[in-house]
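First comes the structure, then the notes that go with it.
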Amino acid sequence: MLLNRLSLTTSMLILTVTVGLVVWAISDSYQHEELNDIFYVKLKERFNDEVSDQRIRFDRQVKSYYPAVRTYAAMVNIRDYLESVDWSSQQNIEIIDHKWPPAWLPGLSMMRRFVIPRYALLLDSSNKVREIYRYKNPMLADELINMEDDILNSSFGQSYITEINNKLYVIASAFVGEEDESPRLLIISPLDEAFLLATQNVADKKHIALLDDKGERVLVSSSQVKIPAGVLLSSLKDDYLTTVAGHLGSGSSDLLMQFASFVSTEDVRQQTAEVLNADRQIRLITAIAYILAFASIMYWVTSRIQRLTKKVIEFSGDMDIQQPESIKKDELLELEDRFELLVNAIKAETAALEHQALHDPLTNMPNRKLLNDRVQLELLKSKYKNSSFLLMVSDLNRFKEVNDTLGHHIGDKVLKQASERLKNALRRDDLVARLGGDEFGILLPNTSMSAADTSAQKIVDLFNKPIIVDGHSLNIGISIGITEYPTHGENLNILMQRADVAMYNAKQNGLGYSLYKSEEDQNSVDRLALMNEFRIALENNELQLYYQPKVDAKTGKIISVEALLRWKHEERGFISPDIFIPLAEQTGLILSLTIWVFNRAFSDWNIWKKQGHDISIAINMSVYCLQSTNLSGTIESLLKEYNVPASHCILELTESLFMKNIDQAKHILNQLDQLGVGLSLDDFGTGYSSLAYLKQLPMDELKIDRSFIMDMINNENDAIIVKATLDMAHAMGLRVVAEGVEDEETLELLIILGCEIIQGYFFSKPIPIDEMSQLLATQTLKR
216 MLLNRLSLTT SMLILTVTVG LVVWAISDSY QHEELNDIFY VKLKERFNDE
266 VSDQRIRFDR QVKSYYPAVR TYAAMVNIRD YLESVDWSSQ QNIEIIDHKW
316 PPAWLPGLSM MRRFVIPRYA LLLDSSNKVR EIYRYKNPML ADELINMEDD
366 ILNSSFGQSY ITEINNKLYV IASAFVGEED ESPRLLIISP LDEAFLLATQ
416 NVADKKHIAL LDDKGERVLV SSSQVKIPAG VLLSSLKDDY LTTVAGHLGS
466 GSSDLLMQFA SFVSTEDVRQ QTAEVLNADR QIRLITAIAY ILAFASIMYW
516 VTSRIQRLTK KVIEFSGDMD IQQPESIKKD ELLELEDRFE LLVNAIKAET
566 AALEHQALHD PLTNMPNRKL LNDRVQLELL KSKYKNSSFL LMVSDLNRFK
616 EVNDTLGHHI GDKVLKQASE RLKNALRRDD LVARLGGDEF GILLPNTSMS
666 AADTSAQKIV DLFNKPIIVD GHSLNIGISI GITEYPTHGE NLNILMQRAD
716 VAMYNAKQNG LGYSLYKSEE DQNSVDRLAL MNEFRIALEN NELQLYYQPK
766 VDAKTGKIIS VEALLRWKHE ERGFISPDIF IPLAEQTGLI LSLTIWVFNR
816 AFSDWNIWKK QGHDISIAIN MSVYCLQSTN LSGTIESLLK EYNVPASHCI
866 LELTESLFMK NIDQAKHILN QLDQLGVGLS LDDFGTGYSS LAYLKQLPMD
916 ELKIDRSFIM DMINNENDAI IVKATLDMAH AMGLRVVAEG VEDEETLELL
966 IILGCEIIQG YFFSKPIPID EMSQLLATQT LKR
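Count along the sequence shown from 1, add 215, and you get the number used in our numbering.
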């Protein structure tokens, strides 16, 4: 039985609710019918009273037509108008049609006190229509214009209702003057929907209608859409509650009609439902109170069993074992089920902890511990079988930049796709493990060095294809270091260390993969140490910016400075940017380093601005920075933060930046150009540039490489190249900077050739900010 499977409290509660619902349904049905009958009778009585008021308003409106026409006919303006016209000589003239109140009618303000006629006709003494006022109403039927004398006479002295062409009209007329042969004013109104609506209260939801003599058919109603003319009353009984007030007694008529009022049965049902629902709510509240009281008693009965269940739940919570909030069973059965659930959960948790201890939570790949265990097992097997195996360490090339620019959630998706590519590239028995970050370890059992190239190249080829993540096409790339047992080591630590050395060698030299070589080991250790020291130097703000001026060739005035990075190591001394910039690119620190340069350079620019110097500042950009999709937004934020005009910031980029991906370069450079910063092509002539590419890029400036400038006095070919470059740049609307100027003769030749901006040791070597500030203050430059 179903109740036996439920708790005692629940079983009794269900039984009580079921019985209560049956009793409530029976009483509700009885009370609903009784109250419905009573309420319906009361509404019927109220509607009978209201229909009398509606009929009185209708009669009043009909009867008002004759007093209105009599008043309008007695007014001075219509008499004056008739004296001004002579109809006796105009027997065949056309009827004058007025769409606005004519002179022979009073103004609208006057008519609003009586009746605003839908139609007003002015007849001559022979009862021929001469003029008609109809406002926006259609022209009257010919039967109304050429009205029969008996109808016309019936309309005199009263409001007369007649039927013409199956339509009802209210007609009233009066003579203009004292004699019967004088002209006559006639007002006509169709007894239609608009007329009926005008007689009633606008807010009233009930409809009225005129019925035929027998009260069987609708002649006209106040809602022709819902109660159209001609419909039989019997067909409306389901939709409307109808009250007939008897035959009309208003004015005079040549036909008998009855007055009726309609109210929607749906409205009646709604009003009845409101009363019944209120009664139901009271009985429902009583039932709920009874059920709550009963539930409280049953809860006390079962609470002692539930205490033990609660302790089981608390223990499960302490063990991080999920228990359902409620199990709808008998308390003893629930306790038994919870114990069983607890046991099963502990078993599953044990298995999950074992899996978690050996797998990476993000990629679900084996982790370092599982790789170490497998390598140890392979060491034992290989020693016993006298066989070899390969151990690889791989690292994604530009993963940190993805994290820094697109966020860690994108980085996580990249790692998942990278792990899938690695697994797809290897055999079923091979093992891929995530060691941490973007570093992966790969074990190829029973494999010798002869197969290393094939396996590694397959992985590199897969990672040369872009990784697509959330609409981003990311060229990540991979670097792999390879060691072989027993050739490169006989224990795990040595093999891992030497695979790491080979991996960094592959990354530094852009090789894709590299086999371990002992001669590279020491250099790799030093390089790893230097990488770590550079990271610390950047974090501790130990780097410096030096500045080299750019000078207007004609005036000798400093118009810009180029920011150059310097690193003076406490122990190693001065370290060239050619060394630590590649380190920053390889470790993914280049974007952070570039942002550091922007912050320091813009801060120094503000110092010079306060000193009254209006100069631009040039900053070098790495190829890796152009891979940041938000580069333009980052620079824009920094410009606003330091209040530096975009036109005072020049970004210097080398040709190699564009040649690797011209489409991406165009997109990023167009964003920077729209931002308003200056774009300078550095080291022009030393790379692989194509003029076809150059004309597509929004560059503002060319910097001729120093290799062409330094010897142009003695080398005619260099001078020709410089001259051709200047002519080409000027033809393209670009300004030109000559760097590497070290003597006055070179300066004078560049001025003759038309070079605008000069940079070199002849003016100043790169100097720190204090010396640069002093140089700007004195402007004492060599000429």
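We treat Cβ as the ideally placed atom computed from N, Cα and C, and that holds for glycine.
Straight across, the Cα-Cα distance linking G445 with V435 is about 8 Å. Only residues of its own chain outside the window of five on either side were considered, and among them A356, E358 have a CB closer than 8 Å to the CB of N380, listed in chain order. The Cβ atoms of K769 and I982 lie no closer than 8 Å to each other. With contacts defined by Cβ atoms closer than 8 Å, I924 and T869 do not form a contacting pair. The C-alpha of P398 is placed about 7 Å away from the C-alpha of L337.
Nearest to V385 by C-alpha distance, out of G392, L367, Y762, is L367. Residue pairing of Q373 in beta bridges, as defined by DSSP: absent, with no partner found. The beta-carbon distance between V284 and A387, rounded to whole angstroms, is 4 Å. This is short enough to meet the 8 Å contact definition. Residue environment analysis places W820 among the buried positions, since at least 16 neighbouring C-beta atoms fall within 10 angstroms of its C-beta. From the listed residues E363, E309, N342, L411, the smallest Cα separation to R272 is found for L411.
Counting the other CB atoms within 10 Å of its CB gives Y505 a total below 16, which places it among the exposed residues. In the three-state scheme derived from DSSP, where H, G and I count as helix and E and B as strand, D897 is classed as strand. Just measuring C-alpha positions, the residue of Q486, V232, P332 sitting nearest P405 is P332. Nearest C-alpha to M362 among N342, R950, Y348, L804: N342. In this structure Y281 is in contact with S374, their Cβ atoms being roughly 5 Å apart against a cut-off of 8 Å. DSSP, reduced to helix, strand and coil, places T802 outside both helices and strands of the structure shown, so it counts as coil. Rounded to the nearest angstrom, the gap between the Cα atoms of Y700 and R643 is 20 Å. By the CB criterion at 8 Å, L586 and L646 fall inside the cutoff. Non-local C-beta neighbours of Q759 in its own chain, meaning closer than 6 Å and more than five positions away in sequence, comprise R781, ordered along the chain.
With a minimum length of 4 residues, the unbroken runs of alpha helix (DSSP H) contained wholly in the segment 663-742 fall at 667-678, 707-724.
In the DSSP assignment, S847 falls within the unbroken alpha helix (DSSP H) covering 846-857.
By a beta-carbon distance limit of 8 Å, V951 contacts L941. Their separation comes to about 5 Å. Within the same chain, Cβ atoms closer than 6 Å to the Cβ of A953 are found at I919, I924, L965, C970, I973, the five residues on either side in sequence being excluded.
For L448, same chain residues with a beta-carbon under 8 Å away, outside a window of 5 residues either side, are L426, G430, E431, R432, V433, T457, A475 in chain order. Assignment of Q415 by DSSP, reduced to helix, strand and coil, places it in the coil class. Around the Cβ of Y762, a 10 Å sphere holds 16 or more other Cβ atoms; the residue is buried. Contact annotation: R750 and T802 have beta-carbon atoms nearer than 8 Å. For F789, the three-state secondary structure derived from DSSP is strand. By alpha-carbon distance to K259, the top candidate from S479, H462, K382, L470 is S479.
Judged by DSSP secondary structure, R636 falls outside any beta strand (DSSP E) and instead within the alpha helix (DSSP H) spanning 623-640.
Annotated as proximal: S895 and D915, with beta-carbon spacing under 8 Å. D453 carries a coil assignment under DSSP once its states are collapsed to helix, strand and coil.
Under DSSP, N755 takes part in no beta bridge, so it has no partner. Rounded to the nearest whole angstrom, the CA to CA distance from R327 to V344 is 25 Å.
Put simply, the segment 600-610 touches the segment 658-666. At least three CB pairs are less than 8 Å apart.
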